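What follows is a set of notes on a single structure, which appears directly below.
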Amino acid sequence: MAENNENKKDGGFNFPPIGGGKPIRTQKFNGYWLYIILALCIIGFQFFNMQTDPVRTTWQEIKSKMLEKGDVEEIKVITNKGQAYVYIKPEKIENYSQLKSQGFENSSSGPHFYFNTGPQETFSKEFAEIQEKTPDAANTKIDYEQEYDGWGNIISFLLPIAFFVFIWYFLFRRLGKNGGGPGGVFNVGKSQARLFDKDTSTKVTFKDVAGLAEAKQEVEEIVSFLKSPDKYTKLGGKIPKGALLVGPPGTGKTLMAKAMAGEANVPFFSMSGSDFVEMFVGVGASRVRDLFKQAKEKAPCIIFIDEIDAIGRARGKNPNMGSNDERENTLNQLLTEMDGFETNSGVIILAATNRADILDSALLRAGRFDRQIYVDLPELKDREEIFKVHLKSLKLAGDVDIPFLAKQTPGFSGADIANVANEAALIAARKDKNEVEKQDFLDAIDRIVGGLENRSKVIKVNEKKAIAYHEAGHASVSWLLQHAHPLLKVTIVPRGKALGAAWYLPQERQITTKEQLLDQMCSILGGRAAEEITFGQISTGAQNDLERATKQAYAMVTIFGMSEKIGNLSYYDSTGQNDFSFTRPYSEKTAELIDAEVKELVENAYNRAKELLKAHQEQHKQVAELLLEREVIFSDDLEHILGKRPWNDEEEETETREEKQTTETSGENV
Ligand code: ATP
């Protein structure tokens with residue numbers, strides 16, 4: 002590992018020659034040198050063309066003091082500027098002190114003076130008269146010419162062009178880097194897909210993907226379609242065109258696709274949905290075309306589009322409602338391309354998303370993404386497998402028990418488990434241990450679920466007491482309810498934004514009954530009930546509990562049809578593609594009824610919690626006092642105070658999921 006990193010850091014250096022010696026620097030030619038050379042040339046040019054500037058004077062002076070004395074060799078009139086330059090005869094230069102002080106020497110060539118001629122006709126007439134009158138002036142040559150400021154003109158003509166060219170070049174180079182890929186702006190319409198083939202070794206294989214047996218089987222089947230299509234086509238079957246990996250974040254969809262690339266041994270084009278969309282109109286569609294063109298050339302092959310919802314979102318029904326035209330064009334092109342290639346052409350499209358519900362239904366129909374592979378959060382057995390994969394590289398102590406860790410991490414995704422393994426190793430290293438122990442894993446899980454322990458938080462004595470009674474309320478109520486999640490531990494050590502927490506090991510249920518939900522709600526409200534009973538006052542600490550209870554109650558009434566008055570109705574639209582999304586699908590009267598039902602559910606649960614606590618007031622007090630003393634107490638302590646729970650949690654084949662009940666939310670940090 003370390004060696005690899007070193008290699009990466011080397012950048013512009015070659016490796017040292019064998020036998021030592023200094024590394025040889027391979028300096029690339031830098032474009033800025035060109036500018037420096039150009040600037041030096043201009044300065045040099047100016048330097049060699051240095052001349053002494055002529056002295057400004059007037060026509061009167063020239064006439065009376067120079068012309069009439071015969072000192073002027075030549076007058077050069079610049080007709081387009083109304084100026085004239087005067088050349089003094091070399092032998093006469095010394096007569097003019099102002100020339101000396103300007104730096105002219107006897108041998109210096111002119112022009113020595115310049116003046117404004119005024120109207121040219123008048124000037125020519127006066128000059129002719131003087132030449133007539135004064136013999137000394139008769140030899141003075143006069144020359145009329147026009148002067149163009151060559152460099153100045155060229156520069157003033159070229160500078161704006163150069164400026165625009167520079168801006169254009171600069172902008173498009175940046176665009177090229179950001180979006181156009183290698184080749185800059187001219188490649189903007191080309192697909193941004195990365196191609197993995199036999200030569201690009203991807204190290205991920207199906208062995209690195211733990212669990213997900215069904216999903217893996219489907220994907221493996223796709224690989225075998227490509228490897229031996231005849232096996233499937235000889236019976237008249239058609240090879241599927243596409244498969245969609247759907248599932249919550251971090252469940253290994255991308256990992257699965259990478260493994261497929263590693264195993265398939267066919268070219269594998271990988272890109273993300275957002276790579277299609279660029280600031281230029283039409284680029285998305287042209288990238289889709291290009292991707293499919295390249296894929297067809299390389300068939301049999303696989304195209305993988307990660308986060309396909311970036312382009313595959315359902316198209317707007319009303320074109321004026323801010324729909325994204327560019328994205329829709331890209332999607333249309335994708336739909337067309339997927340229709341366009343032959344079924345058995347050997348190109349299979351794999352896509353991944355967290356949000357299959359928002360995808361356009363045209364994309365999901367058979368013939369495009371024929372298969373949807375659901376990659377769910379891992380269950381107990383899968384979590385064990387994932388732990389095994391991620392613990393392989395760690396130095397483990399003998400007390401690390403993988404099935405136990407899997408039990409402690411219900412609801413965790415593969416990415417979370419990878420994070421637990423890494424966090425545990427970091428915690429062990431911080432404590433200068435040689436091996437990662439079980440406790441390090443538990444600390445890592447606590448940290449990931451609850452946030453960082455914050456022991457330095459200043460909490461007043463009476464606040465601490467309120468927190469202890471609040472948490473003891475949660476713990477006692479849930480202990481006394483049959484369907485509430487079994488308690489693991491209670492703590493009043495602040496973590497993240499929470500001032501205290503009760504940790505549960507709930508059953509991993511596939512379905513939940515109304516009784517279970519009501520018991521859960523009751524235990525959520527146990528904290529506030531405890532505050533009211535013990536101190537006769539309530540605090541803001543229960544805000545998070547109330548939020549959860551309210552949401553749960555609304556879900557029970559409007560989604561799960563668990564209210565008698567509302568009946569077996571569900572107002573939830575799982576497709577997310579409701580035409581009536583701007584209006585509620587129920588009347589004002591029903592809305593009032595829903596509110597009343599929700600209120601009643603919560604009130605009943607709250608009153609039940611209060612009753613329970615009143616009936617066990619002494620035990621609740623003991624739990625709270627023990628908590629104040631020890632800061633963390635476990636289910637054994639609760640059993641000691643409240644007695645063994647009469648219900649066997651294991652009977653329900655429990656697996657575990659941890660939840661926490663915070664006593665504080667963002668707005669209420671002390
Ligand atoms: P998202 O939808 O957010 O893109 P994803 O489902 O694509 O997430 P991945 O990027 O594949 O998730 O997974 C993230 C990391 O989690 C992987 O790099 C891997 O370390 C770990 N991981 C997830 N699932 C598994 C698994 N089944 N086996 C091993 N490791 C896994």
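Numbered by this note's numbering, the letters in the sequence shown go through residues 2 to 671 in order. All C-beta atoms, glycine included, are put in the ideal place defined by N, C-alpha and C. In this text the structure is predicted, and so the values were computed from the model without any measurement.
Given residue i as reference, the closest of the options once Cα atoms are compared
{"i": "Lys309", "options": "Glu532, Thr234, Ile156, Gly285", "result": "Per the sequence presented here, residue 309 reads as Ile, with Lys not at that position. For Ile309, the nearest C-alpha among the options comes from Gly285."}
{"i": "Pro301", "options": "Ser225, Asn333, Asp361", "result": "Ser225"}
{"i": "Asp400", "options": "Glu386, Lys439, Gly412", "result": "Lys439"}
{"i": "Met522", "options": "Glu74, Phe405, Ala550, Lys232", "result": "Ala550"}
{"i": "Lys382", "options": "Ser125, Phe405, Glu74, Phe561", "result": "Phe405"}
{"i": "Ser125", "options": "Ile79, Leu643, Ala352", "result": "Ile79"}
{"i": "Ser479", "options": "Val390, Val494, Ala610, Ile94", "result": "Ala610"}
{"i": "Ala625", "options": "Tyr572, Glu532, Val166", "result": "Glu532"}
{"i": "Ala554", "options": "Val603, Lys590, Pro586, Gln538", "result": "Val603"}
{"i": "Phe207", "options": "Gly237, Ala258, Ser287, Ile240", "result": "Ala258"}
{"i": "Val87", "options": "Asn81, Glu75, Asn96", "result": "Glu75"}
{"i": "Asn608", "options": "Arg585, Leu594, Asp596, Asp520", "result": "Asp520"}
{"i": "Glu385", "options": "Glu122, Gln409, Asp307, Ala138", "result": "Gln409"}
{"i": "Pro586", "options": "Met563, Val278, Thr559", "result": "Thr559"}
{"i": "Glu92", "options": "Ala85, Lys82, Glu106", "result": "Glu106"}
{"i": "Asn420", "options": "Arg431, Lys396, Ile446", "result": "Ile446"}
{"i": "Lys217", "options": "Arg314, Leu246, Thr234", "result": "Leu246"}
{"i": "Lys396", "options": "Glu222, Gly562, Asp231, Asp441", "result": "Asp441"}
{"i": "Pro411", "options": "Ile449, His641, Lys297", "result": "Ile449"}
{"i": "Leu613", "options": "Glu589, Gly501, Ala416, Ala476", "result": "Ala476"}
{"i": "Phe269", "options": "Phe128, Arg631, Asp307", "result": "Asp307"}
{"i": "Gly503", "options": "Ser636, Glu598, Pro241", "result": "It is Ala, not Gly, that sits at residue 503 in the sequence shown. Taking only the C-alpha atoms, the option nearest Ala503 is Ser636."}
Exposure of residue i, with buried meaning 16 or more beta-carbon neighbours within 10 Å
{"i": "Lys393", "result": "exposed"}
{"i": "Gly104", "result": "exposed"}
{"i": "Ser457", "result": "exposed"}
{"i": "Thr492", "result": "buried"}
{"i": "Leu41", "result": "exposed"}
{"i": "Arg276", "result": "At residue 276 the sequence reads Asp, which differs from the Arg that was named. The residue in question, Asp276, is buried, as its Cβ has 16 or more Cβ neighbours within 10 Å."}
{"i": "Asn545", "result": "buried"}
{"i": "Thr59", "result": "exposed"}
{"i": "Thr27", "result": "Since pLDDT at Thr27 reaches only 42, below the 50 mark, its modelled position is unreliable, and the value read off the structure follows with that caveat. Label assigned to Thr27: exposed."}
{"i": "Gly184", "result": "Residue confidence is low: Gly184 scores 48 on pLDDT, short of 50, so the model does not pin down where it sits. Its coordinate-derived value is still stated next. Answer is exposed; the Cβ neighbour count stays below 16."}
{"i": "Lys600", "result": "exposed"}
{"i": "Gln538", "result": "exposed"}
{"i": "Gly243", "result": "buried"}
{"i": "Phe164", "result": "exposed"}
{"i": "Asp326", "result": "exposed"}
{"i": "Ile387", "result": "buried"}
{"i": "Leu256", "result": "buried"}
{"i": "Pro136", "result": "exposed"}
{"i": "Gly238", "result": "exposed"}
{"i": "Ser102", "result": "exposed"}
{"i": "Val166", "result": "exposed"}
{"i": "Glu593", "result": "exposed"}
{"i": "Pro379", "result": "buried"}
{"i": "Gln517", "result": "buried"}
{"i": "Ala422", "result": "buried"}
{"i": "Ile43", "result": "exposed"}
{"i": "Arg496", "result": "buried"}
Sheet register partners of residue i (DSSP bridge)
{"i": "Asn350", "result": "It should be noted that the sequence gives Ile, not Asn, for residue 350. Its beta-bridge partners are Gly243, Ile304."}
{"i": "Arg372", "result": "Ala244"}
{"i": "Asp144", "result": "Lys77"}
{"i": "Ala673", "result": "Lying outside 2 to 671, the shown extent of the chain, residue 673 is not represented and no answer is given."}
{"i": "Ala85", "result": "Val78, Phe116"}
{"i": "Phe635", "result": "Lys490"}
{"i": "Glu454", "result": "Arg496"}
{"i": "Arg57", "result": "Tyr115"}
{"i": "Arg314", "result": "Leu360"}
{"i": "Val599", "result": "None; Val599 has no bridge partner."}
{"i": "Leu397", "result": "Val437"}
Given 8 Å, three or more beta-carbon pairs between the stretch 258-272 and the stretch 367-375: no
Does the count of Cβ pairs from the stretch 113-122 and the stretch 149-161 closer than 8 Å reach three? no
How do the stretch 536-543 and the stretch 617-629 stand: do at least 3 beta-carbon pairs fall below 8 Å, yes or no? no
The stretch 482-499 in contact with the stretch 563-571 per 3-pair CB rule at 8 Å: no
Contact the stretch 461-480 vs the stretch 515-535: 3+ CB pairs below 8 Å: yes
Between the stretch 32-39 and the stretch 61-75, can you find at least three pairs of beta-carbon atoms closer than 8 Å? no
Counting pairs of Cβ atoms below 8 Å between the stretch 332-341 and the stretch 287-294, do you hit three or more? yes
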